[in-house]
Amino acid sequence: MAETASESRRCIHFFLYDSSKVREEGDPTRAGICYFYPEETPLGEQELLCGQLAGVSRCVSELSSSPVRLLRLRKSKYAVHMRDHYLWALSCSVDIPDVSVCEFLDQLIDLFCFYNGPVRQSYQLHSQEELSERWARYLSHLQSGSTELHHIFSCLRTIDSTHIDPLLLLKAALILQACQRCPLVLAGCILYRGRVVSTQMPPELTMKVMVHETETFSQDHKPQANGHGSGRSPSHSTVITPVFLSPFELKMLRCPPVDKACRTHCTPQPVSQPRKSRLSRTLSDTPSTEADSLDSTHCPPLTSCQTMPSTPRSSISDESSFSPCYPHVASTPRINLTCQSESCYESPDHSLSNGSLSCEVEAGNVTRHDSESSPSRKQREIRDSDKRQDLGCDQSGLKNKSESSNEEESVGQNGNSIQTNGNHSKRQSPDNQSIGSCHSDQFHDSLGKEVDKEDHESNKEDRPREGEEREREEDVKEFAGKAQGKKAARNGEVPSEPALEPMMLYQQRVRGLVLALLVEPQFNTDHNAKEEVCHSSLASLNGLEAHLRTSSPGAPGIQGPYTFAHYDCIQNTLTTNVCGRSAGPQDKPFVKATALIHSHFSHTDSLQEVITRNAGSAVYGTRSAAQETYFLQHGTVARNSGVPNHQDSAFSLPSKARHRLLKHGVNLL
Amino acid sequence: MKCLLVASESAEVLFYWTDAEFERKIREQYGASQEEGERPPAFEDSLNTLFAPIIISCITMIDRLGDSYTSFTTDNNHVYVLHQFEECLYIAVNGDGQESEEDLKRKIYVMKKLTQVMFGMMTLSSALLRKELRPQDTEQRTRIWKKLQSLLETYSRLREQDQSFLVEAVARLIHPTLCEQCIEFLERRLVQQINTSADRAGEEVLHAFILVHTKLLAFYSSRNASSLTTSDLLTLIIMVQDLYPSNSDLDETAPEDVEHNTAPEIFYTPEPSPTDQDSGQMSGDCPPVFQFVDPDIQMAEDSLQTLEVPPPDPATPSRVFLEATPKEGCFPMMPHSMYCLPLWPGITLVLLTKIPNSQVAISVYVYLEAFVKLEKRLGEVQEGSVAFRGQSPIHDLRTKLEKFIRALASMDVQTTLLQAAWNEFKNRAFSRSGPGISKELVPYCRNMKIQLCGVYRQCFATECMGNSQRLSPSLQERAQSMVQEKLMDWKDFLLVKSKRNITMVSYLEEFPGLVHFIYVDRTAGQMIAPSLNVTDRTASELGKGPLAQFIKRKVWGLVATARRYLQKGYTTVTLRDGDYFFCYFLWFENETGYKLEVVDIPSLPDDSAPIGMLAWDYYRKLLRYYCKSHQNEVVKCYELLTVHLGVIPSEYILQHCSQLARKLWEPSRIPLL
């Protein structure tokens, strides 16, 4: 598609500033600058911006006892994110709605954390130059090839489904489903030339996964710095990259709200957490976050794990209907480790303790490396994590070997996995654990302090800290989850770094087509699983790729005497006939009105419809809970006086939009 | 949690206003960091310390990047708005979600407007303004701050409660006959009598008007007066409301409380009410609102270490600086005296007079402008250029200015400083040895401006106002009783009418489904809207309590929305929001009511002044812009906002809107004279 790259520079400045590095009078501001974009900015200006903005933001947040979110200057505006001692700031031109700027920054930060883990940790592990390169990469990815409309909506770029045989979409969905048969696969998506064909993940995750895809695509299959490549032929390759998921994201992937009966019978290894099988990206299919979190919060905590091995099938269904948290307890080794060692099955704390503990282990490694301060810290780290994974996976490998038949497995699976995991924990962690635990205190300490402070700020009771931390943490997470991510998290005052869980991103490429799967960490060493996924999908991927290649993607969209944009808020996708053409001056009025109305929608919940008109154009915007649609009719706005007049053509826009957009698959009825 | 702060470039607080909650918060925050046993610092100091980093950073940004902060928003939706006028930085804060960024910006502009009306051209020199806002003398400072704080509070209250301050246009009492009678009375009897009286001390009544609460009953301007701008009129209404508040909170106070308060009322009430019944009713309906000391003293008692300010002599007029447009041109901030004569609680007669030496103000302004222009041109000129030498304007200025200084001296005005500044300027500009007219003159230009403002201050500033310079108290009293006599029979009617000026009931039959509307004639700066009184005691047509509150909130929101779209160049907006349907239209007509074609109006940047008429007259600019393409016509600008029930089909709603616009066109024609 002919998307002009001219206006793609959406971000004017971006920086990450670490104020903990600038404490004393004499500390130069530059010491705190972790990354500054554009990098060619003179250092003086960098220091000025970082110093002033960080100072003023701290001052304001102290006055209001809440971090600054948006900082506006006359010529630009900055979305600001403050967490611990870090301050991220990203500036855009003033035309872009506030909500879009803030979203952009959140995306960028999330992206970084997804591939690198918590910020402080990654700055301890990696050199600043290396991370700067990554920030630059993520920034350029988020800005690349998108039009102004994309800037407004910060949406996923999808393949234009109107040009594609729907059967191909179905096929893609089926490939993904097939992959999910492997219990270690959480969810996946299929991308073609930087666009989404089909995805099982929530949009935020899909967006993150896409970075890597685009990057490898553009880098012509160079081995990844932190990826474990294998089988690197130019047209076919698989890459496994470590990634980090927030507990909430993980929960969404692991705890599907519905349907496991069908799942178990078609799965060879019914161990796996029942996952929702999605055929394709349809509305009904999208993960209902509310249901998820409701489940997990309101389910009475129940069942000791002992019931599991004995009656696996029934317990699976039981478990799933009562306590959706359970399955992933059974599936991740480390989780079991914590659960067993702390014997805290009975509380909904699992997921939380997972979150923190797994992170502690990570952190444990970090500190150790730090203390060693070896030059090849990073390598060691990788080796170390490899070792860990190896250990873990040895177990599963063993398990696989020992269990000869599916039936056997299905009977003994849960017990087995717990068993092995238990072993695993013992074997793995003597030193890790001790370090981890001592570190965990620190971790909790800092976290606790943060939380405490917040609590104290916002709340009344002075609760004893030790025991409550977890609950609070859980609350916070729960809260963040429930409220569809960032928005609520913002209200919820969580300025400390969220716990992140390491996972793996498996990617398999067939020329322009990429299959990306989020997998459990032990997948990397599980050769059987790898083989299975790779082989089962390869042929279908080849076929799909061939079909997609031959279907002409560049064909112009259905043109008409109108411009429209249809934004799906849940899937975070945009359908429009604007970017088909180069967004020229004729689209300016449309884009301008769209930005204005979108930002109006974003802060007025009850608003459903807007018609707005100036002398030259009239734009109609309508939204429901799931979508926003904008429509402009060309050339019909007769010159008129602006006095109320029911014959005014602007007021017939709603019916025109309804009528015209049907053939784009947009139903406004 | 609200705050407004004016700071100088050296981070000195020139003025502040905070609500009690903000003050408590600051004290808590500051108290915590105090060492044991130390006395907590004065509130002003803590405020200064807390805001200093922001102020300094703001100034650094301007100096080094040429860009400045305009706002901060925090996660818990506290909003900080910053704006710099010349060398003064204004910061407004809201932490309770009641004011948006736009509201705060508006408040800053209103604050600026208030200082202009109070201090006139002293605001043009930051050095003088600093002295005016923050006099060395503590007592004086307290008085000025209290005055400004109370004005600011009055403004906020009116913006919250009064639709005319929401849309920033004057609301009139719709009663054509009475209105006309009153105007005639003001013209033939009152103004004529005063202006021919010997007791007027050289003052001349230019405008006289009667306010019933915030609504205008009658307005008369004498023939040789220039028109009063809407912006000034609205500001004057704020000042009158500040002196004699007609607060809906007061309306809500129980009758017994009212009785309690009535004691000092006698002070200015000229005659007892005619019947017992009447007086009883009155105290119930309209509590005593003219207690002279009240508004000042009720306010923020503890925020300043209170020095009891003696109540001003009620016969002393307020000095106000208003825009005048005599034949010679348009002159902002010309000195006037304002006499507020309370007739009854809620009803006030206001007289605006021209003071004897106001010609001096025009001259000062002319010279000021000349020096501003000169400075600007010098700034543009490249190094050492003497291109101006021998040009007539500057020599013209020289002769005129010298004459002016001599004239001033003859009027007993201290001119030594001005003379000295002028001599210095002359020596540099005109002598052969000096640098000539070049960039080096800039500081001397500045000095001249300061000295001119100083002269202006000497002549017109409030505290320099001679005690004798006023309409004699007996004359004021006579004027008051004349109007009282005239309106005696109407008094109760007027008070009720001001609350129920237009009622929705009269429109319901014709426009079923219509919930509310506001119609504004922007050329005249007037608005018509059904009353929307939301108090617990007086039920409006919308009923009491939550529903009425809800509609009110929606209407307030609609106005804000309409402004946002208008700022971006959209003149028509319709919204379907919940169960309601909102419309906004702006259009132009010529004098005969012919609808003129719509043009693309400019889209303003986000940091432009707020749209409205009070602080910065957007509509005047808009009309000027429109007139460019309609040179030969008188262009008028109208706005209509409506709220309908959402179930009404939109065709009908639009039809309603056009009928309503036609219907409302008539009442807006009531002559203003």
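Top line first, the protein sequences correspond to chains A and B. Here our numbering is used: the first residue of the first sequence is 1, the next is one more, and so on. Here our numbering is used: the first residue of the second sequence is 670, the next is one more, and so on. Idealized CB from N, CA, C, for every residue including glycine.
- Query: Is the beta carbon of THR1022 of chain B sitting closer than 8 Å to the one on SER895 of chain B?
  - Reply: Within the second sequence, the letter at position 353 stands for residue 1022 of chain B. Within the second sequence, the letter at position 226 stands for residue 895 of chain B. Not in contact: THR1022 of chain B and SER895 of chain B (Cβ atoms no closer than 8 Å).
- Item | ASP1246 of chain B, DSSP secondary structure in three states | Residue numbering aside, residue 1246 of chain B sits at position 577 when the second sequence is read from its first letter. Note: ASP1246 of chain B maps to strand in three-state DSSP.
- Task: Write down the C-beta distance between LEU87 of chain A and ALA54 of chain A rounded to the nearest angstrom, noting that I regard them as a contact closer than 8 Å.
- Result: Position 87 of the first sequence holds residue 87 of chain A. Position 54 of the first sequence holds residue 54 of chain A. So it is a contact: roughly 5 Å between Cβ atoms.
- Query: Can you list, in chain order, the residues of the stretch 1171-1202 of chain B whose Cβ is nearer than 8 Å to any Cβ on chain A?
  - Reply: none
- Message: Can you find the residues in the same chain that come closer than 8 Å, C-beta to C-beta, to ASN864 of chain B, ignoring five residues on each side of it along the sequence?
- Response: Locating residue 864 of chain B in the second sequence gives position 195, where the first residue counts as 1. GLU873, VAL874 and SER891.
- With distances taken from CA atoms, which of B:GLY1182, B:VAL1041 and B:TYR1234 is nearest VAL1316 of chain B? Here the question's residue 1316 of chain B lines up with position 647 in the second sequence. Closest by alpha carbon: B:GLY1182.
- Query: Could you give the uninterrupted runs of the alpha helix (DSSP H) lying entirely in the stretch 999-1063 of chain B, keeping only those of 4 residues or more?
  - Reply: Given a length threshold of 4 residues, each whole run of the alpha helix (DSSP H) inside the stretch 999-1063 of chain B is given here in chain order: 1027-1049.
- Message: Would you say ILE723 of chain B lies against chain D (beta-carbon separation less than 8 Å)?
- Response: Although the question refers to chain D, the structure presented lacks it and instead comprises the protein chains A and B.
- DSSP on THR41 of chain A, reduced to helix/strand/coil? By one-based count along the first sequence, residue 41 of chain A stands at place 41. Three-state DSSP puts THR41 of chain A in coil, outside helix and strand.
- Please report the Cβ distance between ALA681 of chain A and TYR630 of chain A, rounded to the nearest whole angstrom; I am assuming they are in contact, meaning their Cβ atoms lie under 8 Å. Limits of chain A in this structure are 1 at one end and 669 at the other, which puts residue 681 of chain A out of reach.
- Task: Would you verify that the beta carbon of THR158 of chain A is, or is not, closer than 8 Å to some beta carbon of chain B?
- Result: Reading the first sequence from its first residue, position 158 is the one you call residue 158 of chain A. No, because no Cβ of chain B sits closer than 8 Å to the Cβ of THR158 of chain A.
- Query: Are there 16 or more other CB atoms within 10 angstroms of the CB of ALA711 of chain B, so buried, or fewer, so exposed?
  - Reply: Working through the second sequence from its first residue, we reach residue 711 of chain B at position 42. When all chains shown are included, ALA711 of chain B counts as exposed.
- In three-state DSSP terms, what is MET1196 of chain B? Here residue 1196 of chain B is taken as the residue at index 527 of the second sequence, counted from 1. Here MET1196 of chain B sits in strand by DSSP.
- Message: Does LEU827 of chain B come out as helix, strand or coil in the three-state DSSP assignment?
- Response: Reading the second sequence from its first residue, position 158 is the one you call residue 827 of chain B. Here LEU827 of chain B sits in helix by DSSP.
- Message: Would the stretch 1000-1020 of chain B count as touching the stretch 773-793 of chain B if we require 3 or more Cβ pairs under 8 Å?
- Response: yes
- Message: Taking its Cβ as the centre, do 16 or more other Cβ atoms sit within 10 Å of GLY1048 of chain B, making it buried, or is it exposed?
- Response: One-based indexing of the second sequence puts residue 1048 of chain B at position 379. Per the 10 Å Cβ criterion, exposed.
- Message: Would you say PHE631 of chain A lies against chain B (beta-carbon separation less than 8 Å)?
- Response: The residue labelled residue 631 of chain A in the question sits at position 631 within the first sequence. No, because no Cβ of chain B sits closer than 8 Å to the Cβ of PHE631 of chain A.
- Message: DSSP three-state label for LYS1221 of chain B, please.
- Response: For the purposes of this step, residue 1221 of chain B is taken as residue 552 along the second sequence, with counting starting at 1. In the structure shown, LYS1221 of chain B sits in a helix (DSSP, three-state: H, G or I).
- Item | Close Cβ partners of PHE523 of chain A (< 6 Å) along its chain, the five nearest in sequence each way excluded | What you label residue 523 of chain A is simply residue 523 of the first sequence in a count that begins at 1. Excluding positions up to five away in sequence, the list reads LEU184, MET504 and ALA529.
- Taking the continuous beta strand (DSSP E) assigned at LYS671 of chain B, which residues delimit it? Stepping through the second sequence from its first residue, residue 671 of chain B is reached at position 2. Where LYS671 of chain B is concerned, the enclosing beta strand (DSSP E) stretches over 671-676.
- CB contact flag (HIS81 of chain A, ILE109 of chain A, <8 Å): Residue mapping note: residue 81 of chain A aligns to position 81 of the first sequence, counting from 1. Residue mapping note: residue 109 of chain A aligns to position 109 of the first sequence, counting from 1. Against a cut-off of 8 Å, the Cβ pair of ILE109 of chain A and HIS81 of chain A comes out as a contact.
- Message: Let me check understanding here. Comparing Cα to Cα, which of B:THR899, B:LEU880 and B:ALA689 lies closest to GLN818 of chain B?
- Response: Translated into the one-based positions of the second sequence, residue 818 of chain B becomes position 149. Looking at B:THR899, B:LEU880 and B:ALA689, the one whose alpha-carbon comes closest to that of GLN818 of chain B is B:ALA689.
- Query: Over what stretch of residues does the alpha helix (DSSP H) that includes SER1175 of chain B continue unbroken?
  - Reply: Within the second sequence, the letter at position 506 stands for residue 1175 of chain B. Residues 1174-1177.
- Just mark GLY871 of chain B as buried or exposed, buried being the case when its beta carbon has 16 or more other beta carbons within 10 Å. Position 202 of the second sequence, counted from the first residue, corresponds to residue 871 of chain B. It is exposed - the Cβ of GLY871 of chain B has fewer than 16 other Cβ atoms within 10 Å.
- Is GLN767 of chain B buried or exposed, if buried means 16 or more other CB atoms sit within 10 Å of its CB? To locate residue 767 of chain B, count along the second sequence from 1; it is residue 98. Counting every other CB atom within 10 Å of its CB across the protein chains shown gives GLN767 of chain B a total below 16, marking it as exposed.
- When B:ALA1130, B:LEU821, B:ASP1275 and B:ARG696 are compared against PHE684 of chain B, the one with the closest alpha-carbon: As a working mapping, residue 684 of chain B is identified with position 15 in the second sequence. Answer by Cα proximity: B:LEU821.
- Query: When the distance is taken between beta carbons, is CYS727 of chain B closer than 8 Å to LEU758 of chain B?
  - Reply: In the second sequence, the residue the question calls residue 758 of chain B occupies position 89. In the second sequence, the residue the question calls residue 727 of chain B occupies position 58. For LEU758 of chain B and CYS727 of chain B, yes; Cβs fall inside 8 Å.
- Quick one: Cα of SER1032 of chain B to Cα of LYS1072 of chain B, how far? Counting from one through the second sequence, the residue named residue 1032 of chain B turns up at place 363. Counting from one through the second sequence, the residue named residue 1072 of chain B turns up at place 403. Looking at the two C-alpha atoms, the distance is approximately 11 Å.
- Message: Quick check for students: name the residue ranges of the beta strand (DSSP E) that lie wholly in the stretch 576-623 of chain A, counting only runs of 3 or more.
- Response: 607-613 and 618-623
- Would you list the one or two residues that DSSP bridges to ASP18 of chain A? By one-based count along the first sequence, residue 18 of chain A stands at place 18. Note: ASP18 of chain A sits in a beta bridge opposite A:TYR86.
- Quick one: is ARG693 of chain B near chain A, going by C-beta distance under 8 Å? Here residue 693 of chain B refers to the residue found at position 24 of the second sequence. Closer than 8 Å: no.
- Message: Let me check one thing: in DSSP terms, what residues is GLN627 of chain A bridge-paired to?
- Response: If you number the first sequence from 1, residue 627 of chain A lands on position 627. Answer is A:ASP568, bridged to GLN627 of chain A.
- Which residue comes first and which comes last in the alpha helix (DSSP H) that contains VAL748 of chain B? Residue numbering aside, residue 748 of chain B sits at position 79 when the second sequence is read from its first letter. Not the alpha helix (DSSP H): VAL748 of chain B falls in the beta strand (DSSP E), residues 748-754.
- Task: Mind checking the stretch 1321-1332 of chain B against chain A and listing, in chain order, the residues whose C-beta falls within less than 7 Å of any C-beta there?
- Result: Under the 7 Å Cβ criterion, the stretch 1321-1332 of chain B contributes LEU1323, GLN1324, CYS1326, SER1327 and ALA1330.
- Query: How about the stretch 1157-1166 of chain B and the stretch 1289-1301 of chain B: do they share at least three Cβ pairs that are nearer than 8 Å?
  - Reply: no
- Query: Who are the neighbours of THR729 of chain B on chain A, taking C-beta pairs under 8 Å?
  - Reply: Sequence index remark: in the second sequence, residue 729 of chain B carries index 60 (1-based). The answer, in chain order, is LEU48 and GLN52.
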